[in-house]
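Just add 72 to wherever you are in the sequence shown, counting from 1, and you've got the working numbering.
All C-beta atoms, glycine included, are put in the ideal place defined by N, C-alpha and C.
A short write-up of the structure that comes next.
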Amino acid sequence: AARVDANQDASKMNANRNNAAYGQKLYSECFKKIQKWQEPPPPKPPKPLSVPDTKPKKKRGGKRYRKMRERYKVTETQRMQNRMAFNKPEEQIIDGNGDIIGLGMLGNAADAGGRLRNIKPKNLQSNLH
């Protein structure tokens, strides 16, 4: 801490009343500065969102991308499960967690011979030539 008498002349050091007033003044200035430092900074205004691009990003083809699409493609069994027969009750099963799962037309596939319809994969080589 700084001494008050270091900032004053030797002639003013004799008056105790002046020293006390000057010390109180320094104390109040320091206290105000410390209070100002401890205040939280003002909040920043929110930034507006940028305008989205209307065009979707172009995906480059390639082996990796084709494999990823094939991995997440809807399978024939999922397609049959999502399909509903008109005016027929849907068969349902209960899985290990106790959830009820509707089979859709999958339950009827066993009645129709037990086979699902095969989807022919598109031949990529024929499109290239």
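- By DSSP's assignment, residue 164 forms a beta bridge with 174.
- When only Cα atoms are considered, residue 176 and residue 122 end up about 43 angstroms apart.
- Residue 150 and residue 156 have their C-alpha atoms roughly 12 angstroms apart.
- Burial check for residue 153: the Cβ neighbour count within 10 Å reaches 16 or more, so the residue is buried.
- Residues of the same chain with their beta carbon placed closer than 6 angstroms to that of residue 130 are lacking, with the five preceding and five following residues left out of the count.
- Taking the CA atoms as reference points, residue 170 sits about 32 angstroms from residue 140.
- Secondary structure note for residue 140: its alpha helix (DSSP H) is the uninterrupted segment 135-143.
- Residue 104 and residue 110 have their alpha carbons spaced roughly 10 angstroms apart.
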